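There are 6 protein chains.
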Amino acid sequence: MTSAFPLIDETAASPEVKAVFDDIRQTRGTDYINNFWRALANDPATLKRIWGSLKEVMAPGALDPLVKEMLYLAVSITNGCAYCSHSHGVAAKGKGMTEAMFAELMAIVGMANQTNKLADGYRVPVDERFENLF
Amino acid sequence: MTSAFPLIDETAASPEVKAVFDDIRQTRGTDYINNFWRALANDPATLKRIWGSLKEVMAPGALDPLVKEMLYLAVSITNGCAYCSHSHGVAAKGKGMTEAMFAELMAIVGMANQTNKLADGYRVPVDERFENLF
Amino acid sequence: MTSAFPLIDETAASPEVKAVFDDIRQTRGTDYINNFWRALANDPATLKRIWGSLKEVMAPGALDPLVKEMLYLAVSITNGCAYCSHSHGVAAKGKGMTEAMFAELMAIVGMANQTNKLADGYRVPVDERFENLF
Amino acid sequence: MTSAFPLIDETAASPEVKAVFDDIRQTRGTDYINNFWRALANDPATLKRIWGSLKEVMAPGALDPLVKEMLYLAVSITNGCAYCSHSHGVAAKGKGMTEAMFAELMAIVGMANQTNKLADGYRVPVDERFENLF
Amino acid sequence: MTSAFPLIDETAASPEVKAVFDDIRQTRGTDYINNFWRALANDPATLKRIWGSLKEVMAPGALDPLVKEMLYLAVSITNGCAYCSHSHGVAAKGKGMTEAMFAELMAIVGMANQTNKLADGYRVPVDERFENLF
Amino acid sequence: MTSAFPLIDETAASPEVKAVFDDIRQTRGTDYINNFWRALANDPATLKRIWGSLKEVMAPGALDPLVKEMLYLAVSITNGCAYCSHSHGVAAKGKGMTEAMFAELMAIVGMANQTNKLADGYRVPVDERFENLF
Chain G
0 MTSAFPLIDE
10 TAASPEVKAV
20 FDDIRQTRGT
30 DYINNFWRAL
40 ANDPATLKRI
50 WGSLKEVMAP
60 GALDPLVKEM
70 LYLAVSITNG
80 CAYCSHSHGV
90 AAKGKGMTEA
100 MFAELMAIVG
110 MANQTNKLAD
120 GYRVPVDERF
130 ENLF
Chain L
0 MTSAFPLIDE
10 TAASPEVKAV
20 FDDIRQTRGT
30 DYINNFWRAL
40 ANDPATLKRI
50 WGSLKEVMAP
60 GALDPLVKEM
70 LYLAVSITNG
80 CAYCSHSHGV
90 AAKGKGMTEA
100 MFAELMAIVG
110 MANQTNKLAD
120 GYRVPVDERF
130 ENLF
Chain S
0 MTSAFPLIDE
10 TAASPEVKAV
20 FDDIRQTRGT
30 DYINNFWRAL
40 ANDPATLKRI
50 WGSLKEVMAP
60 GALDPLVKEM
70 LYLAVSITNG
80 CAYCSHSHGV
90 AAKGKGMTEA
100 MFAELMAIVG
110 MANQTNKLAD
120 GYRVPVDERF
130 ENLF
Chain E
0 MTSAFPLIDE
10 TAASPEVKAV
20 FDDIRQTRGT
30 DYINNFWRAL
40 ANDPATLKRI
50 WGSLKEVMAP
60 GALDPLVKEM
70 LYLAVSITNG
80 CAYCSHSHGV
90 AAKGKGMTEA
100 MFAELMAIVG
110 MANQTNKLAD
120 GYRVPVDERF
130 ENLF
Chain B
0 MTSAFPLIDE
10 TAASPEVKAV
20 FDDIRQTRGT
30 DYINNFWRAL
40 ANDPATLKRI
50 WGSLKEVMAP
60 GALDPLVKEM
70 LYLAVSITNG
80 CAYCSHSHGV
90 AAKGKGMTEA
100 MFAELMAIVG
110 MANQTNKLAD
120 GYRVPVDERF
130 ENLF
Chain Y
0 MTSAFPLIDE
10 TAASPEVKAV
20 FDDIRQTRGT
30 DYINNFWRAL
40 ANDPATLKRI
50 WGSLKEVMAP
60 GALDPLVKEM
70 LYLAVSITNG
80 CAYCSHSHGV
90 AAKGKGMTEA
100 MFAELMAIVG
110 MANQTNKLAD
120 GYRVPVDERF
130 ENLF
């Protein structure tokens, strides 16, 4: 293993990896395979499991695709994952996130990170009335 | 200071705190003041600043109120803030979050936390094409 | 091992643990041994190493003891460690932290957690002039 | 939006942004506007809110400005925010943080992150006597 | 939804949930279904996906089951997840983790959390020679 | 201090730093001193304390050295520490971690980060039977 985590491309891919790449292309209607998938392709079992899970989780449902993508983005920024914040930002923009929407998302991410620590630091007890509400 | 962080109620509140409590009630259309605000009332300047910021950030805008609340909730769960996850869960439900929506939100929070670490651990480089897209 | 992590007290302590407990008492000028140390006493090597490191790190130096304790507290709250936030809050108060100081500490912890995410989310590049300044 | 998050400078700034930039310059006694503010200027409302909050939080009070800056720095390092750790390191040095002070700050940040996890992992219960002390 | 997140038991479970519960029992050779799975059963799709993924990830492979469980435990403690730290501690003990092993695991978790922040705070650049090694 | 955090090399090292460097070389059977130690050498007391602690924690014990190194790696990836993930990846590989082992480690790190948040978000209560088991 001279180089760690090479980005696997089509020509080097096993049939199992190619099958996942093909499904990504078809599902997303694009020819492009992100570096994330090409890196995961170093472990075909994980590539398959993660893609399968992501496809299921991000499929249309009770939440619309843009909202889902923005939730993904907000979590990624909170975790400080640079790759994920960038790639899910691209994805969200592709699904219709405007500059104004992104600005509001960032404002919320900032506020939530602030109030999360205030609640912890002041050891705020859960309101009794919340118990039966959620 | 015999007891740390008492929950300040109306009768003990200074005029400055009362003014914030009144604005919370009016803005939210409720008589109830959450423990979070009553704890912050130990520091009136912070109470006022945080409430003012939150009111501005969560006001109607490019994103609808339910989406905003769900973004807040997703960040709070990612940070492991028990109080915030509970209170923003209550708020999101109050704004229309169904069980199905919450289930999808949780699925995304889980996946994002997973793939954030995969991207970091495999040191995935940002795709060149992302540079001009977001 | 019927019960996990018992709090080891004097009577159950080995000579190695007793020696650490004695040093804690003498260094702090108190008879009381916090639950943290009594839990760590389940692993005498770790108890000794952590106490020795903490004693060295928290000793008087370029920063005064109260500032050190408040730095410890700010980190503990940021990490959401309930035990540590409580015990270092007690320690900081014992060293002179007033309610006003704590309120300012909390305001900073909140702001820093907020702006940390804003800087990450907006991918702010480090200012060139910073390179030679720190 | 061809390029994400451009750093807004004076010539491109709206009057609202210019007013904030002017206040930053005046408050800090410098002509230089950090990249952080120039990035936030993509969303004038957030720029104004964050600057206003920061100005209030970091103003002289019960804690001296250097202590405040070091608390900010300790939180930023704990959160792994590279930009913030660098910029608040510059700011702390500008307010008098010596190499020895920084070394002690880092030692505390390291220890706190270590003992935070030990307390969590050993599930240390809060000492009864702490309840009335903080 | 009067009560949030009820723990679903056998009698209330849908056929889809029952099938997962049966597979958990068979795979683990136990009659007991942890609260985690009973909570996830509120969303059968997530229950099925998470169990399927976990079963695959934790299956015997290049790493032995005890090592896998201890890795899971170390991550859970680092994230401050009380439920996960407890349940994976139970699981690790069931697979042979002794008190001495746990003590060493905790010592490593503590040290890693400490040095992670030291490396970040001192902005240590990656050694050139590492580039080709991993 | 014109340049922050220079990497201290042999020629610039004080006797105290040289003694630690020598012990690192002897303990690890290598001539190479990682950048991490050369950065910490800016604070000889911390260099000595951290190296002494690490040497003790990573010494052969109930867990074998490769397992210890992988636990360190899993925590470092979870914390998003790029330097530590890279250097402990190199170290783990040097102690025998194969590509297959790394792939399984990554799969576990990903899953644990996912289920940690699911357990928090669904507020799963600890199983009664766990109380006496760990």
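Those sequence lines, one after another, are chains G, L, S, E, B and Y. By the count of numbering that gives the first Met the number 0, the first sequence reaches residue 133 at its end, each step adding exactly one. By the count of numbering that gives the first Met the number 0, the second sequence reaches residue 133 at its end, each step adding exactly one. By the count of numbering that gives the first Met the number 0, the third sequence reaches residue 133 at its end, each step adding exactly one. By the count of numbering that gives the first Met the number 0, the fourth sequence reaches residue 133 at its end, each step adding exactly one. By the count of numbering that gives the first Met the number 0, the fifth sequence reaches residue 133 at its end, each step adding exactly one. By the count of numbering that gives the first Met the number 0, the sixth sequence reaches residue 133 at its end, each step adding exactly one. Note that CB positions come from ideal geometry on N, CA and C, so glycine has one too. In this text the structure is predicted, and so the values were computed from the model without any measurement.
Inset, instruction - Could you work out which residues of chain B lie near ALA38/G, taking near to mean beta carbons separated by less than 8 Å? - result: Counted from its first residue, the first sequence places residue 38/G at position 39. Under the 8 Å cutoff, chain B gives no residues; its nearest Cβ is about 14 Å from ALA38/G.
Inset, instruction - Check whether the Cβ atoms of VAL56/E and ALA40/E sit closer than 9 Å, and answer yes or no. - result: Within the fourth sequence, numbered from 1, the residue matching residue 56/E stands at position 57. Within the fourth sequence, numbered from 1, the residue matching residue 40/E stands at position 41. Contact: no.
Legend entry - Interface partners of SER52/L on chain E, CB under 8 Å: As a working mapping, residue 52/L is identified with position 53 in the second sequence. Simply ARG48, SER52.
Legend entry - Touching by the beta-carbon criterion (3+ pairs, under 8 Å), the stretch 16 to 34 of chain G and the stretch 86 to 102 of chain Y: no
Legend entry - Neighbour flag for MET110/E against chain B, beta carbons, 9 Å: Numbered from its first residue, the fourth sequence carries residue 110/E at position 111. So, interface residue.
Legend entry - Pairwise C-alpha distance: GLY95/B and LEU117/E: The residue labelled residue 117/E in the question sits at position 118 within the fourth sequence. The residue labelled residue 95/B in the question sits at position 96 within the fifth sequence. Approximately 21 Å, taken between the alpha carbons.
Legend entry - Span of the alpha helix (DSSP H), counted from its first residue to its last, around CYS80/Y: If you number the sixth sequence from 1, residue 80/Y lands on position 81. Element bounds for CYS80/Y: n/a, residue is neither H nor E.
Inset, instruction - Give me the Cα-Cα distance between ILE49/L and LEU6/L, rounded to the nearest whole angstrom. - result: Numbered from 1 along the second sequence, position 50 holds the residue referred to as residue 49/L. Numbered from 1 along the second sequence, position 7 holds the residue referred to as residue 6/L. C-alpha separation (whole angstroms): 17 Å.
Inset, instruction - Please classify SER52/Y: does DSSP put it in a helix, a strand, or coil? - result: Within the sixth sequence, the letter at position 53 stands for residue 52/Y. If DSSP states are grouped into helix, strand and coil, SER52/Y belongs with the helices.
Inset, instruction - Find the nearest neighbour of LEU53/L within the set PRO43/L, ALA61/L, TYR71/L, judged by alpha-carbon distance. - result: The residue you call residue 53/L lines up with position 54 of the second sequence. Per the Cα distances, TYR71/L.
Legend entry - Candidates ILE76/G, ALA11/G, PRO124/G: closest to ALA106/G by CA position: Along the first sequence, read from residue 1 onward, the residue named residue 106/G stands at position 107. Out of ILE76/G, ALA11/G, PRO124/G, ILE76/G has the C-alpha closest to the C-alpha of ALA106/G.
Legend entry - Neighbour list for ASP42/S in chain B, Cβ cutoff strictly below 9 Å: Within the third sequence, numbered from 1, the residue matching residue 42/S stands at position 43. In chain order: GLU98, ALA99, PHE101, ALA102, GLU103, MET105, ALA106.
Legend entry - Min CB distance GLY88/Y to chain G below 9 Å: Taking the first residue of the sixth sequence as 1, we reach residue 88/Y at position 89. Answer yes: the Cβ-Cβ gap between GLY88/Y and chain G drops below 9 Å somewhere.
Legend entry - Exposure label - TYR82/Y; buried when at least 16 CB within 10 Å: What you label residue 82/Y is simply residue 83 of the sixth sequence in a count that begins at 1. Answer is buried; the Cβ neighbour count reaches 16.
Inset, instruction - Report, in whole angstroms, the separation of the C-beta atoms of ALA73/S and VAL74/E, which I expect to be a contact under 8 Å. - result: Against the third sequence, residue 73/S aligns to sequence position 74. Against the fourth sequence, residue 74/E aligns to sequence position 75. Contact flag correct, Cβ pair sits at about 6 Å.
Inset, instruction - State buried or exposed for TYR121/S, treating a residue as buried only when at least 16 other CB atoms are found within 10 Å of its CB. - result: Indexing the third sequence from 1 puts residue 121/S at position 122. Buried, since its Cβ has 16 or more Cβ neighbours within 10 Å.
Inset, instruction - Would you kindly check if the distance between the Cβ of VAL125/E and the Cβ of ASN78/S is under 9 Å? - result: Taking the first residue of the third sequence as position 1, residue 78/S is located at position 79. Taking the first residue of the fourth sequence as position 1, residue 125/E is located at position 126. No. Outside cutoff.
Inset, instruction - To the nearest angstrom, report how far apart THR114/B and GLY109/E are at their CA atoms. - result: Taking the first residue of the fifth sequence as 1, we reach residue 114/B at position 115. Taking the first residue of the fourth sequence as 1, we reach residue 109/E at position 110. C-alpha separation (whole angstroms): 7 Å.
Inset, instruction - Return the CA-CA distance between THR29/Y and PRO14/Y, expressed in angstroms with no decimal places. - result: Indexing the sixth sequence from 1 puts residue 29/Y at position 30. Indexing the sixth sequence from 1 puts residue 14/Y at position 15. Rounded to the nearest angstrom, the two C-alpha atoms are 20 Å apart.
Inset, instruction - Determine the DSSP secondary structure at TYR31/S, reduced to helix, strand or coil. - result: Taking the third sequence and counting its residues from 1, one reaches residue 31/S at position 32. Coil.
Inset, instruction - Can you have a look at MET0/B and say buried or exposed, based on whether 16 or more other CB atoms are within 10 angstroms of its CB? - result: Taking the fifth sequence and counting its residues from 1, one reaches residue 0/B at position 1. Confidence in MET0/B is poor, its pLDDT being 44 and thus under 50, which makes the residue's placement unreliable; the coordinate value appears in the next sentence. Flag for MET0/B reads exposed.
Legend entry - Neighbouring residues, chain B, relative to GLY79/L (Cβ below 8 Å): For this step, residue 79/L is matched to residue 80 along the second sequence. ASN78, GLY79, CYS80, listed in chain order.
Inset, instruction - Quick one: list the residues of chain L neighbouring PRO59/G, beta-carbon separation under 8 Å, in chain order. - result: Against the first sequence, residue 59/G aligns to sequence position 60. Within chain L, no residue comes near PRO59/G; the closest Cβ sits about 10 Å away, beyond 8 Å.
Inset, instruction - Quick one: grab the DSSP three-state call for ASN131/B. - result: What you label residue 131/B is simply residue 132 of the fifth sequence in a count that begins at 1. Coil at ASN131/B, not helix or strand.
Inset, instruction - Just the C-alpha distance for GLY51/E and GLY51/G, rounded to the nearest angstrom, thanks. - result: Here residue 51/E is taken as the residue at index 52 of the fourth sequence, counted from 1. Here residue 51/G is taken as the residue at index 52 of the first sequence, counted from 1. Spanning the two alpha carbons is a distance of roughly 46 Å.
Inset, instruction - Give the single residue among PHE129/L, ASP119/L, ASP21/L whose Cα lies nearest to the Cα of SER84/Y. - result: Along the sixth sequence, one-based indexing puts residue 84/Y at 85. Selected option, being the one with the closest Cα: ASP119/L.
Legend entry - Coil, strand or helix - ARG135/Y by DSSP: Nothing about residue 135/Y can be reported from this structure: the residues present for chain Y run from 0 to 133 only.
Inset, instruction - Say whether chain B places a C-beta atom closer than 9 Å to the C-beta of PHE133/G. - result: Position 134 of the first sequence, counted from the first residue, corresponds to residue 133/G. Answer yes: the Cβ-Cβ gap between PHE133/G and chain B drops below 9 Å somewhere.
Inset, instruction - Have a look at ASP42/E and ALA99/G and give me their C-alpha separation to the nearest angstrom. - result: Locating residue 42/E in the fourth sequence gives position 43, where the first residue counts as 1. Locating residue 99/G in the first sequence gives position 100, where the first residue counts as 1. Taking the straight line joining both Cα atoms gives about 8 Å.
Legend entry - Distance between PHE101/Y and GLU68/G (C-alpha atoms, nearest Å): Counting from one through the first sequence, the residue named residue 68/G turns up at place 69. Counting from one through the sixth sequence, the residue named residue 101/Y turns up at place 102. Going by the C-alpha atoms only, they are around 29 Å apart.
Legend entry - TYR144/E versus THR10/E: straight-line alpha-carbon distance, rounded: What the structure shows of chain E is the stretch from 0 to 133, and residue 144/E is not part of that stretch, so it cannot be assessed.
Inset, instruction - Would you identify the three-state DSSP class for ARG24/L, choosing helix, strand or coil? - result: Walking along the second sequence from the start, residue 24/L turns up at place 25. ARG24/L falls in the helix class under three-state DSSP.
Legend entry - Cut-off 7 Å between Cβ atoms - residues of its own chain near ASN131/G, not counting five sequence neighbours on either side: Along the first sequence, read from residue 1 onward, the residue named residue 131/G stands at position 132. Excluding positions up to five away in sequence, the list is empty.
Legend entry - Option in VAL123/Y, LEU104/Y, ARG128/Y with minimal Cα separation from LEU65/B: Numbered from 1 along the fifth sequence, position 66 holds the residue referred to as residue 65/B. Nearest of VAL123/Y, LEU104/Y, ARG128/Y to LEU65/B, Cα basis: LEU104/Y.
Inset, instruction - Please classify THR1/G: does DSSP put it in a helix, a strand, or coil? - result: Here the question's residue 1/G lines up with position 2 in the first sequence. At THR1/G the pLDDT is 47, less than 50, meaning the model places this residue with poor confidence; the figure from the coordinates comes in the next sentence. Note: THR1/G maps to coil in three-state DSSP.
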